[in-house]
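The working numbering numbers the first residue of the sequence shown as -4 and each following residue consecutively.
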Amino acid sequence: MTGAEKHRTKGLVRFFVMLVSIVALLVTYAFAFQRTDVSLDEVKDPGRRASLVRIVRGLARPNIIEYDEEPTFHLLDYVTPCPQGGFAPESPDTSGPFLEAIPQCASPGSDVRVQGHNFDPGADGPLSFIPPSGVALRLASVTADQEGNFDVVVKLPDRPDTAVQHFRFTTVQRSGVWHLTDTAHETWAKIVETVMLALVATTLGTAMAVPLSFLSARNLMRSIRTPFASVALFIVGLPIGIFGGLQIGRWITSVASHMSDNIAALAGAVVALVVIGLWALRATVPEVEEEPPTTSEKTLRRLVVAAVAVGGFFAIGFTGNLLREVGTNLNDWLGPLGFIGNFIRIIGDVFATFITALTAIVAGVVVAAIGSRMGHIIADRASRPVLMAVRYIAVAAAAATVAVAIGGAVHWLYELNPSSNAMATSAGGGILGLAGVVLSSRFGRRWFPDRLGLLATFLRLITSFLWIGVGIAIGIALGVGADAAVGVFGASGTLLAPAVLGAVLGIVGVSVSRSQMALPSGLSAYYLSRTIFNVIRSMEPLVMAIVFVVWVGVGPFAGALALSLHTTAALAKLYSEQVESISQGPIEAVTATGATRLQNIIYAVVPQIVPPYIAFTLYRWDINVRMSTIIGFAGGGGIGFLLQQNINLLHYRDAAAQMLAIAIVVSALDFLSARIRERIV
């Protein structure tokens, strides 16, 4: 084939591919139009156009200011039905505004022509029929022409009576200067509440998202590998530490409750604990050591640090009760500034309420870290037979712990019957499903190399789902067998089945991976955190608001908690992607100095991410302001409830005032973000 023929063939192929792409695109859009019910039939309906015009005009006139108005009633006597001999009203004063009716009396339901004369040009208002009961029956809205006259035909209501009734045309006249409407005052109060709600949610979300963003940054986590024993002992130590922390937290709560009303005792206890703790640390841990510490000195220091940590938790618990009492008193003393005392009281209440959970989390992490450190020491110093023995025992215990956690969670969530084997099957399916994820990530690139492009990504995704499905199916089958096996000993439907199954799967896993000495713990943390963030971001904030409304009650606090959870996941993703896009030069330079991983993050990563972090945070703040309108629909506070109420009542002018307030706040936050970035960058 000559060069010209090859060129012609390539041109035909390119034309065919382009033609197929265009046809596929047209078919896709045609299907999209069909699924979204795109139609202009309703657009051509005059009634819908009139409704649209009314809504647009209402939104263009936000109800923000108003004038005091004095109504003037113009009455015309009328009788329905006509009495014998007819009826003639008194002659009106034609020097001023007056009404006329043709005919002067009629039967109920008849058409009557009502005319107005000598009104101000453009005067408008309702024309009503007033029966003897005094209830105004609105007939029409009329507007005087340039000469001050109007002429309208109305139908008499079915209100027959021998007494004289009236037609009434009401006009209003402005008096005094303008002032803000009640809607404006309500909008101001709610927009302030909305901004503060969004501020609290953004602050809480940012505080949680910043540290989590480093866990979900692939470039930082990719190189982290941890020995098997270290990971296993970390998992085993976590529930042990949490259990111990719960006991300490309950002890702290019990002791603090006995002197919760005594401010002097609480303050004295806090000061004493802080002073004793600092003295103990200075006495046992010198700032500069002339000689390496002995084993006994290291042991003593660790015991002192542990005791000081427990004392610190006691100090936090006592501080919470102290702040709660002080804030309650200040709330009464400060008068208009009582919200400061309320703030102090709430901070103390947070400390006092969550001290048990805080102690459990910290103790769990500390014990798990100690276990991980022990695993590193064993991996570095122990012989291979000892290391393998520890690996078998530790991994079996860790897998059993994970299986029990999965089974216990399923039992609590679904309130299983005692005879159900769902705990064992869920544990088996969960563990082998995770194994499927690991295997798919390990062999996916080998089976489908990057040179296949997007096809490789698609095939890896399909393979991952297949591996996960197979793993879950096998795990469920093994769970059924494990529950039946422990049922021989009368333990069917208990946590013994998932524990045994987890231990067996752990031993099998160690046997299969004997040649692998370390796990990619960094990538595991990366994928786990990304998965959690994606799940949280996929949840509608409105649903979160409903859950928190049930927990903490209707109000802005529930909305702040719902938005803070969603903000954490959204900002963590944005932050982590910013970390992944930083320059590697500073990291390599700091690493070359022998810096630790923490020092590397502080001196090489943080300086590069501060400006975008600030921009993302402020952007999220104005997003939360707008999202709070949706949160308000579920009782989550803010301006949303007010906006929804006005829309449902067709009060579009009032709704326009709330929409205008939201637009002003979002624009102000955008300007603030730009100014802050100019000062920092």
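Cβ atoms here follow ideal geometry from the backbone N, Cα and C, with glycine treated the same way.
Local conformation of Leu233 per DSSP, three classes: helix
On the DSSP letters alone, give me the boundaries of the alpha helix (DSSP H) that Phe124 sits inside. From DSSP, Phe124 is part of no alpha helix (DSSP H) but of the beta strand (DSSP E) over Asp119 to Ile125.
Which term fits Ala259, buried or exposed, when burial requires 16 or more other beta carbons within 10 angstroms of its beta carbon? exposed
Three-state class that DSSP yields for Lys39 in the structure shown: coil
By the three-class DSSP mapping on this structure, what secondary structure does Ile59 have? coil
What's the C-alpha gap between Leu556 and Phe238? 27 Å
Give a yes or no on whether 8 Å exceeds the smallest Cβ distance from Pro288 to chain D. Here chain D cannot be found, since the structure has a single protein chain.
Could you tell me which of Ala212, Ala204, Thr197 and Phe309 sits nearest to Ser252, measuring between CA atoms? Phe309
Helix, strand or coil for Phe309? Go by DSSP, reduced to three states. helix
Considering Val405, what are the terminal residues of the alpha helix (DSSP H) in which it resides? Arg379 to Tyr409
Buried or exposed: Ile60, going by 16 or more other Cβ atoms within 10 Å of its Cβ? exposed
Neighbourhood of Thr351 by C-beta, 7 Å cutoff - its chain only, sequence neighbours within 5 removed: Leu241, Gly244, Arg245 and Thr248
Please report the straight-line C-alpha distance between Leu295 and Val280, rounded to a whole angstrom. 10 Å
Compare the beta carbon distance of Trp546 and Ala193 with 8 Å and say whether it is the shorter of the two. no
Distance between Pro98 and Gly129 (C-alpha atoms, nearest Å): 23 Å
Can you have a look at Val38 and say buried or exposed, based on whether 16 or more other CB atoms are within 10 angstroms of its CB? exposed
How would you label Pro515, buried or exposed, when you count the other beta carbons within 10 angstroms and need 16 or more for buried? buried
Say whether the region 649 to 662 touches the region 223 to 239, bearing in mind that this needs 3 or more beta-carbon pairs closer than 8 Å, one atom from each stretch. no
In angstroms, rounded to a whole number, what distance separates the CA positions of Ile671 and Phe164? 58 Å
For Asn412 and Val661, the rounded distance between their alpha carbons: 52 Å
Using three-state DSSP, classify His253 as helix, strand or coil. coil
Measure from the alpha carbon of Ala89 to the alpha carbon of each residue in Asp140, Asn144 and Phe124, then state which is nearest. Reading off the sequence shown, one finds Thr at residue 89, where the question assumed Ala. Minimum Cα distance to Thr89 is reached at Asn144.
Three-state secondary structure (DSSP) of Gly171: strand
Test item: CB-CB of Gly504 and Val465 under 8 Å: no
Excluding five sequence neighbours on each side, which residues of the same chain lie with their C-beta closer than 8 Å to the C-beta of Val190? Val620 and Val660
Who pairs with Gly81 in a beta bridge, going by DSSP? Partner(s): none; Gly81 has no beta bridge.
Backbone CA spacing between Ala179 and Asp649 [nearest angstrom]: 8 Å
Count Cβ pairs between the region 181 to 188 and the region 484 to 504 that sit closer than 8 Å; are there 3 or more? no
Reduced DSSP secondary structure (H/G/I, E/B, other) of Gly111: strand
Where Phe10 falls, given that 16 or more other Cβ within 10 Å makes a residue buried: exposed
Sorted by chain position, which residues of the same chain lie with C-beta nearer than 6 Å to Ile469's C-beta, five sequence neighbours on each side aside? Leu427
Taking only three categories from DSSP, how would you classify Val483? coil
If you follow the alpha helix (DSSP H) that Asp344 is part of, which residue opens it and which one closes it? Gly333 to Arg376
Here's a check: name, in chain order, each residue in its chain whose Cβ is nearer than 7 Å to the Cβ of Arg213, leaving out the five neighbours to either side. Tyr521 and Glu575
Using DSSP bridges, identify the partner residues of Thr588. Per DSSP, none; premise fails for Thr588.
Decide if Asn643 is buried, meaning its Cβ has at least 16 other Cβ atoms within 10 Å, or exposed. exposed
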